[in-house]
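*Asks:* Mind having a look at this structure? Questions to follow.
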Amino acid sequence: MRDSFGRRERPRRLGRRLLLWVVLIGGLAGGGLVLWSGTGGSRARLSRPISLVGRNTPFEVELTAGRASLRHLEILAQRPDGTAVLLAEENIPSASFLGSGVSSRTVRLDLDADALGLPEGPGRIEVYATDYAPTAFLLPREPLLDAAITVDLTPPRIRVRGGQHYVAQGGSDLVIYEVDGDAVESAVEVGDLEFPGQRPPSLPGNVRVALYTVPYDAAPGVTPRIGATDAAGNQRVVSFPVDVRSRTFPAEELRVGDRFIDGTIRPLLEASGRPVPRDPVEAFLAVNRVMRRESEARLKDLARESSPTLAITGAFLQQPGTQVGSRFAERRTYLYGDRVVDHQYHLGYDLASVKQTPILAAQAGTVQAVTDLGIYGNVILLDHGLGLSSLYAHLSSTEVQEGAQVERGQPIGRSGETGLAAGDHLHFSTLVRGQHVDPIEWWDPRWVRLHVLEPLAGGADRASLSPAGRSR
Numbered sequence: 029m030r031d032s033f034g035r036r037e038r039p040r041r042l043g044r045r046l047l048l049w050v051v052l053i054g055g056l057a058g059g060g061l062v063l064w065s066g067t068g069g070s071r072a073r074l075s076r077p078i079s080l081v082g083r084n085t086p087f088e089v090e091l092t093a094g095r096a097s098l099r100h101l102e103i104l105a106q107r108p109d110g111t112a113v114l115l116a117e118e119n120i121p122s123a124s125f126l127g128s129g130v131s132s133r134t135v136r137l138d139l140d141a142d143a144l145g146l147p148e149g150p151g152r153i154e155v156y157a158t159d160y161a162p163t164a165f166l167l168p169r170e171p172l173l174d175a176a177i178t179v180d181l182t183p184p185r186i187r188v189r190g191g192q193h194y195v196a197q198g199g200s201d202l203v204i205y206e207v208d209g210d211a212v213e214s215a216v217e218v219g220d221l222e223f224p225g226q227r228p229p230s231l232p233g234n235v236r237v238a239l240y241t242v243p244y245d246a247a248p249g250v251t252p253r254i255g256a257t258d259a260a261g262n263q264r265v266v267s268f269p270v271d272v273r274s275r276t277f278p279a280e281e282l283r284v285g286d287r288f289i290d291g292t293i294r295p296l297l298e299a300s301g302r303p304v305p306r307d308p309v310e311a312f313l314a315v316n317r318v319m320r321r322e323s324e325a326r327l328k329d330l331a332r333e334s335s336p337t338l339a340i341t342g343a344f345l346q347q348p349g350t351q352v353g354s355r356f357a358e359r360r361t362y363l364y365g366d367r368v369v370d371h372q373y374h375l376g377y378d379l380a381s382v383k384q385t386p387i388l389a390a391q392a393g394t395v396q397a398v399t400d401l402g403i404y405g406n407v408i409l410l411d412h413g414l415g416l417s418s419l420y421a422h423l424s425s426t427e428v429q430e431g432a433q434v435e436r437g438q439p440i441g442r443s444g445e446t447g448l449a450a451g452d453h454l455h456f457s458t459l460v461r462g463q464h465v466d467p468i469e470w471w472d473p474r475w476v477r478l479h480v481l482e483p484l485a486g487g488a489d490r491a492s493l494s495p496a497g498r499s500r
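Under this note's numbering, the first residue of the sequence shown is numbered 29, with each subsequent residue one higher.
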């Protein structure tokens with residue numbers, strides 16, 4: 029009797045012990061999970077500091093979960109009256125019993141304080157986030173990030189110095205203007221192009237100077253304007269009195285023969301490591317279109333940086349004893365046999381003399397580049413300040429190094445026929461922020477004096493125009 033009872037009781041005791049162990053291990057595991065996931069909570073940080081918020085202020089916050097994955101995020105802007113504006117919110121659904129599996133989020137916004145109804149003055153941005161930790165519901169609602177801001181909705185003012193401006197299509201001009209102290213950048217805008225204003229050390233801190241051009245291929249009716257942006261992202265654009273004079277540029281037909289293709293085009297492709305098409309027209313277009321486009325893009329990059337001080341004291345020097353070949357913005361039509369195969373613009377002057385004639389610096393400046401530049405062959409690029417550069421192309425040899433200071437009339441190299449050249453000559457270009465402009469103006473002492481030197485010397489020292497402009 030006892031033996032049978034004992035035999036029945038042993039499995040029961042064993043089952044109770046097993047259940048106790050399961051409950052104990054489960055409790056320890058659950059408690060450990062709660063403790064583990066409840067430590068190292070979510071964090072938030074700004075990708076870059078933000079103190080001013082205006083009509084177009086980029087804002088980026090990085091959220092990182094603790095040991096549990098993100099569940100919900102919320103970004104608010106607090107008004108001074110205690111009310112809040114919701115800037116961003118996201119619920120992140122669970123993907124498994126462990127949570128969403130999302131360990132981080134980056135939220136990018138362009139804040140428009142005006143559209144959000146935030147008044148000018150002090151405010152705050154708060155970032156909240158919750159995760160899938162079992163204890164998350166026990167935690168108080170507190171911001172992970174609380175940043176003080178100042179709302180600024182007033183765009184910087186712009187006051188243009190001087191009177192009427194005149195600029196020819198494909199030509200250059202200089203404008204002097206004042207901006208408010210909180211302006212962080214400003215530029216002359218011509219269509220999609222921007223020509224940054226710079227502050228020469230000799231002028232007061234709120235004065236900017238910009239060289240600009242209306243490009244040779246600008247659409248009709250394009251009018252230069254000045255724009256400025258402050259630290260809060262507020263922008264203002266103003267017009268100034270400028271008369272844009274349209275021009276008709278010359279045209280020329282050039283015949284492309286097999287001798288030129290075999291003697292210049294194919295070797296140029298081979299030297300650059302490019303495929304050499306068998307078809308002569310395809311080979312020609314690989315240089316005249318593709319390599320030309322790449323050369324111009326690289327030239328713009330090389331000419332991008334410039335000294336804030338203009339180095340010139342007078343007109344540019346035209347190479348002595350040279351004859352003018354092709355001219356600025358000349359529209360070339362290329363024919364292979366009787367077939368038109370391409371159209372391109374010639375963006376400079378071709379100046380010919382004897383072979384390997386010494387090439388002189390047209391103006392004082394700093395050597396920006398000495399390099400092989402595709403269709404231009406061996407080149408020297410000089411920086412004259414305020415975005416003004418001069419290019420000397422097709423050289424057979426060079427005599428200066430990058431970073432060197434040169435004087436007007438100093439020998440810098442010798443003419444040649446490197447690159448896309450049919451004979452020994454100098455291709456000379458002038459550029460403003462990498463945009464080709466007509467050199468003939470910079471060769472003209474009167475034009476340089478009236479458009480550049482006198483305004484810089486104080487000939488336009490009064491703010492004769494203070495347009496209200498418009499903000500954007």
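Each residue gets a CB set at the ideal place from its N, CA and C atoms; glycine is no exception.
Can you tell which of 329, 153, 423 has the C-alpha that lies nearest to the C-alpha of residue 383?
*Replies:* Here residue 383 refers to the residue found at position 355 of the sequence shown. Cα-wise, what sits closest to residue 383 is 423.
*Asks:* Restricting to Cα atoms, I'd like to know which of 352, 176, 88, 464 is closest to residue 221.
*Replies:* Stepping through the sequence shown from its first residue, residue 221 is reached at position 193. The shortest C-alpha separation from residue 221 is found at 464.
*Asks:* Kindly indicate the opening and closing residues of the beta strand (DSSP E) around residue 138.
*Replies:* The residue labelled residue 138 in the question sits at position 110 within the sequence shown. Unbroken beta strand (DSSP E) run through residue 138: 132-139.
*Asks:* Does the Cβ of residue 368 have 16 or more other Cβ atoms within 10 Å, making it buried, or fewer, making it exposed?
*Replies:* Indexing the sequence shown from 1 puts residue 368 at position 340. Exposed.
*Asks:* Entirely within the region 284-365 and at least 4 residues each: give me those alpha helix (DSSP H) ranges in chain order.
*Replies:* Taking only runs of at least 4 residues, the alpha helix (DSSP H) segments lying wholly in the region 284-365 are 294-299, 308-313, 320-330.
*Asks:* Taking DSSP as the reference, what is the three-state secondary structure of residue 473?
*Replies:* Counting from 1 along the sequence shown, the entry for residue 473 is found at position 445. Reduced to three states, the DSSP call for residue 473 is helix.
*Asks:* My guess is that residue 402 and residue 446 are in contact by the Cβ rule of under 8 Å, so how many angstroms apart are they, rounded?
*Replies:* Position 374 of the sequence shown, counting from 1, holds the residue named residue 402. Position 418 of the sequence shown, counting from 1, holds the residue named residue 446. That pair is no contact at about 10 Å.
*Asks:* Distance check for residue 297 and residue 201, CA to CA, integer angstroms please.
*Replies:* In the sequence shown, the residue the question calls residue 201 occupies position 173. In the sequence shown, the residue the question calls residue 297 occupies position 269. Rounded to the nearest angstrom, the two C-alpha atoms are 38 Å apart.
*Asks:* On the DSSP bridge list, what partners appear for residue 223?
*Replies:* In the sequence shown, the residue the question calls residue 223 occupies position 195. Residue 223 pairs with 216.
*Asks:* What separation, rounded to the nearest whole angstrom, lies between the Cα atoms of residue 458 and residue 467?
*Replies:* For the purposes of this step, residue 458 is taken as the residue at position 430 of the sequence shown. For the purposes of this step, residue 467 is taken as the residue at position 439 of the sequence shown. Taking the straight line from one Cα to the other gives about 5 Å.
*Asks:* Pick from 366, 449, 381: whose alpha carbon is nearest that of residue 407?
*Replies:* For the purposes of this step, residue 407 is taken as the residue at position 379 of the sequence shown. Considering only alpha carbons, the answer is 449.
*Asks:* Under the three-state reduction of DSSP, which class applies to residue 483: helix, strand or coil?
*Replies:* Numbered from its first residue, the sequence shown carries residue 483 at position 455. Three-state DSSP puts residue 483 in a helix.
*Asks:* Considering only C-alpha positions, which residue in the set 102, 154, 158 is nearest to residue 127?
*Replies:* Sequence index remark: in the sequence shown, residue 127 carries index 99 (1-based). The candidate whose alpha carbon is nearest that of residue 127 is 158.
*Asks:* Within 8 Å, do at least three Cβ pairs link the region 139-146 to the region 104-118?
*Replies:* Touching, yes.
*Asks:* Go ahead and label residue 137 buried or exposed: buried means 16 or more other beta carbons lie within 10 angstroms of its beta carbon, across all protein chains shown.
*Replies:* Here residue 137 corresponds to residue number 109 of the sequence shown, with the count starting at 1. Its Cβ having fewer than 16 others within 10 Å, residue 137 is exposed.
*Asks:* Would you mind giving the Cβ-Cβ distance between residue 236 and residue 205, rounded to the nearest angstrom? I have them listed as a contact below 8 Å.
*Replies:* Locating residue 236 in the sequence shown gives position 208, where the first residue counts as 1. Locating residue 205 in the sequence shown gives position 177, where the first residue counts as 1. That belief holds up - the Cβ atoms of residue 236 and residue 205 are roughly 6 Å apart, short of 8 Å.
*Asks:* Bridge partners of residue 373, per DSSP?
*Replies:* Reading the sequence shown from its first residue, position 345 is the one you call residue 373. According to DSSP, residue 373 bridges with 359.
*Asks:* Go through its chain and collect everything with a Cβ distance to residue 7's Cβ below 7 Å, but skip five positions before and after it.
*Replies:* Since the first residue of the chain shown is 29 and the last is 500, residue 7 is not available in this structure.
*Asks:* Quick one: residues in its chain with C-beta nearer than 6 Å to the C-beta of residue 320, no 5 flanking neighbours on either side, listed in chain order?
*Replies:* In the sequence shown, counting from the first residue as 1, residue 320 sits at position 292. These residues qualify, in order along the chain: 403.
*Asks:* Just how far apart, CA to CA, sit residue 454 and residue 81?
*Replies:* Your numbering for residue 454 matches position 426 in the sequence shown. Your numbering for residue 81 matches position 53 in the sequence shown. In a straight line, the C-alpha of residue 454 is about 52 Å away from that of residue 81.
*Asks:* In whole angstroms, what is the alpha-carbon distance linking residue 485 and residue 230?
*Replies:* The sequence position of residue 485 within the sequence shown is 457, counting from 1. The sequence position of residue 230 within the sequence shown is 202, counting from 1. Rounded to the nearest angstrom, the two C-alpha atoms are 10 Å apart.
*Asks:* Quick check on DSSP: helix, strand or coil for residue 386?
*Replies:* Here residue 386 corresponds to residue number 358 of the sequence shown, with the count starting at 1. Looking at residue 386 - three-state DSSP - the assignment turns out to be strand.
*Asks:* Between which residues of its own chain and residue 481 is the CB-CB distance below 6 Å, once the five residues before and five after are set aside?
*Replies:* In the sequence shown, the residue the question calls residue 481 occupies position 453. Hits under 6 Å: none found.
*Asks:* Counting C-beta neighbours from all protein chains within 10 Å, is the total for residue 374 16 or more, i.e. buried, or is it exposed?
*Replies:* Here residue 374 refers to the residue found at position 346 when the sequence shown is read from its first residue. Looking at its Cβ environment, which holds 16 or more other Cβ atoms inside 10 Å, residue 374 is buried.
*Asks:* Would DSSP call residue 402 helix, strand or coil?
*Replies:* For the purposes of this step, residue 402 is identified with residue 374 of the sequence shown, where counting begins at 1. Helix at residue 402.
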